[in-house]
Amino acid sequence: MSLKQIFEEHPERRYIMFGGKGGLGKTTFSAATAYWLASQGKKVLVFSVDPQASLSDIFQKDIFGKGPVKIMDNLWAQEIDADKHIKTYQNEIRQKILDMYGFEAVPDEIEQYIQAASAEPAMEESAIFDAVVDIVVGSDYDYYIYDLVPLGHALYYLSMAKVYDEWINKITKLREEMREYEEMVSRMKRQKETEEDQILTELQYIRTRINASSGILTDKEKTGFFFVIIPEEMILIDTSKAAELFAKFNVPIMGYVVNRVVPRELLQENIPSYLKNRIEMQDKYLEQIKTMFGQQVAAHVPELERDVTGLDMIQQLAEIMYGK
Amino acid sequence: MKEIETSMQAYLKEHADLRYLFFGGKGGVGKTAMAGATAIWLAQQGKRIMLASTNPVHSLSGLLGQNVFGQPTAVNGVPYLWAYEIDTKETIERSKQEIREKIQWFLKFADISTKAEDFVESATMNPAFEESAMFENMVDLMLSGEYDVYVFDTAPTANARRLLGMSQVYSLWVNKMLKSRDEARSLRELLSFTKKKEADPLMDYLVAFRDRMGKAREMLTDPARTSFFFVTLPEALPIAVITRFIGWFHDFGIPVGGVVVNMLIDQQQVNEKSPDFVKNRVAMQDRYMVEIWEKFDGMVRAKLPLFETEVRGVEMLERMGKALFA
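Put into structure tokens, the structure is as follows:
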């Protein structure tokens, strides 16, 4: 089945991801797919959470940290600036400390922690996660194209929703138990009811959001995942390893897209030896791909004469992938 | 056309005390192969080399055609070279176990009859635990001192930037905990009849931990011992990515050793009769080389050809090493 047919047969799959090892063309495929869907009249957002991603470079427009930026009719692109979100976070934390404990100013010592914590990996992860939740929960596009981070991290990302959920459950439970004790104590002392536990409310709020977004990520009805591969041995080894792992997270795989296939016709011409060897090498692995993934291969995309940057090149790539 | 001012070989000669080499860049530019080629070349100079991967998805075994997962493994056919894909799962299990023991010790010490398991779970289930465990593992390896040079096939470079930030957070926390524990201990000693100083394994651990992190930080920011090299292709996206990385690294005070350009088409094989496909790609590479010389003035250490086959196995890596250290 061609890429076009896959999209036509599954209009309900509105959350689309291209995954694979780094540098295989995930971002360009995301951009070209978004371009094609938009030109079909669908309202599309293509967005990236990867600091290594390059939607700005591909669209030749600085969109980093600027929210959804309109690229053309029906097409928006967004690059999440984690650092900016972390700053917002830090301010929220300061505000919460002031509100919860009734301080006039954030104590110096705590301020030091807030500053240092911006470098914590957990901080960046949560900031990114939060931003993604905001996007998928709070907007109304027909299609969301996730430009995912490389494989290992995509897995990590998918598993994170689960981890966060369990973690928050755990803390919430402890918090609830504590609250029972508190209530008991205040009853014994015949005090008025304990005031509403703000932290618990906060935790419950976070949990609702996480459930909303992880529900979408692993929803077989609405989500589709494409693997990007190239005809090289190491990539195939890594991809089959990854495919097994993805299966464990119940990610619905819609197909495999083979990138950088050097056009066979070139063999007829006067070409340098590196290219001849590459074609022969690719022939071998294209065969292997056929055996490994068979009908699941949705498209072969040729190596282009130059890298894909700018709308003209994106359009050219979209035509190759989806037809004119 | 500009030429390389300080080659990779000259750079290493000028920085003879370098012990920690890292390779970063966008995915697919050949970081792992470059780390492998460097490790082999250095081993052939008679140094004891550790080639390590901290990636969540490893590819050293695939690169070397030999299983190097889970423990330092001598690389076949290359004396003085060991390769090691760090096992995240094992690392995490070990860290969990350590934490469990410490919490149990503490609960006993403080006379609390709760089971440790709940605390262990909430401490280790948080999302950053894996990353911290990986970082610790890398530091352990760096401090082991068993090898002359450590070559890291760095994971996503964005993480490397944060590694240092993390060591700062660690030392803040540890200092704070240390202060509280010191206060608690002196109070306890004051109240106890024996006036005998009690052993405090938890505090000993914290101190050791802080010192280790401090050392790691010092090592990672010392340009005499550490260098990050960035690999790029003559293409827009990989150039944009390393430009961003180099900026970050500069801000964090992490030493950048230079830039390596990979996969250049051999122009001697291209002529008038070559098909447009080839000529256009060469023209594209030429355009981006101009940008590279401009952006990374004086930092380009090597230009490597696009090899006619995939770079895999010791033999190909040796070839790559020769080009890298030409």
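Going line by line, the protein sequences match chains A and B.
Per this note's numbering, the very first residue in the first sequence carries number 1; after that it's consecutive.
Per this note's numbering, the very first residue in the second sequence carries number 325; after that it's consecutive.
Built from N, CA and C at the ideal position, the CB exists for glycine as well.
Model, not experiment: these values are computed from the prediction.
query	result
N- and C-terminal bounds of the alpha helix (DSSP H) containing residue 664 (chain B)	What the structure shows of chain B is the stretch from 325 to 650, and residue 664 (chain B) is not part of that stretch, so it cannot be assessed.
Beta-carbon contacts of residue 524 (chain B) that lie in its chain and below 8 Å, excluding the five residues immediately before and after	505 and 509
Residue environment, residue 574 (chain B), which counts as buried when at least 16 other CB atoms sit within 10 Å	exposed
Start and end residues, alpha helix (DSSP H) containing residue 365 (chain A)	Here chain A has residues from 1 to 324 only, and residue 365 (chain A) is not among them.
Contact list for the region 230-259 of chain A against chain B, Cβ threshold 8 Å	232, 233, 234, 237, 238, 241 and 242
Contacts of residue 22 (chain A) in chain E (Cβ-Cβ under 7 Å)	The structure shown has no chain E; the protein chains it does contain are A and B.
Neighbour-count burial assignment, residue 295 (chain A), 16 or more Cβ in a 10 Å radius	exposed
8 Å Cβ cutoff, residue 324 (chain B) in contact with chain A	This structure gives no information on residue 324 (chain B), because the portion of chain B shown stretches from 325 to 650.
Whole-angstrom distance between residue 112 (chain A) and residue 377 (chain B), CA atom to CA atom	33 Å
DSSP three-state assignment for residue 174 (chain A), whether helix, strand or coil	helix
First through last residue of the beta strand (DSSP E) which encompasses residue 79 (chain A)	75-79
Min CB distance residue 88 (chain A) to chain B below 8 Å	no
Cβ-based contacts, 7 Å cut-off: residues of the region 527-545 of chain B near chain A	none
Sub-8 Å separation of residue 302 (chain A) and residue 320 (chain A) beta-carbons	yes
Cβ-based contacts, 7 Å cut-off: residues of the region 312-324 of chain A near chain B	none
Straight-line gap, residue 6 (chain A) to residue 332 (chain B) (C-alpha atoms, nearest Å)	49 Å
Selected residue, minimal CA-CA separation from residue 543 (chain B), among B:610, B:590, B:367 and B:473	B:473
Any C-beta of chain B under 8 Å from that of residue 112 (chain A)	yes
Residue 25 (chain A) versus residue 267 (chain A) - alpha carbon distance	24 Å
CA-to-CA distance, residue 147 (chain A) to residue 232 (chain A), given in whole angstroms	22 Å
Inter-stretch contact at 8 Å, needing at least 3 Cβ pairs: the region 251-261 of chain A / the region 31-44 of chain A	no
First through last residue of the alpha helix (DSSP H) which encompasses residue 433 (chain B)	412-433
6 Å Cβ shell around residue 637 (chain B) - same chain, five flanking residues per side excluded	389
Cutoff 8 Å: residue 266 (chain A) Cβ touching any chain B Cβ	yes
Minimum C-alpha distance to residue 583 (chain B) - residue among B:413, B:641, B:358 and B:514	B:358
Residue-level contact to chain B via CB, residue 309 (chain A), 8 Å cutoff	yes
Beta-bridge pairing of residue 302 (chain A) - partner residues as DSSP gives them	A:261
Cβ-based burial, residue 609 (chain B) [other Cβ within 10 Å; buried from 16]	buried
Rounded straight-line distance, which links the Cα of residue 555 (chain B) to that of residue 337 (chain B)	20 Å
Start and end residues, alpha helix (DSSP H) containing residue 343 (chain B)	Note, residue 343 (chain B): premise wrong, no alpha helix (DSSP H); not H, not E.
Beta-carbon spacing of residue 307 (chain A), residue 559 (chain B) below 8 Å	yes
is_contact[residue 470 (chain B), chain A] using C-beta, thresh 8 Å	no
Given residue 44 (chain A) as reference, the closest of A:127, A:14 and A:60 once Cα atoms are compared	A:14
Residue 85 (chain A) versus residue 209 (chain A): straight-line alpha-carbon distance, rounded	17 Å
Option nearest residue 549 (chain B) by Cα separation, candidates B:618, B:579, B:569 and B:496	B:579
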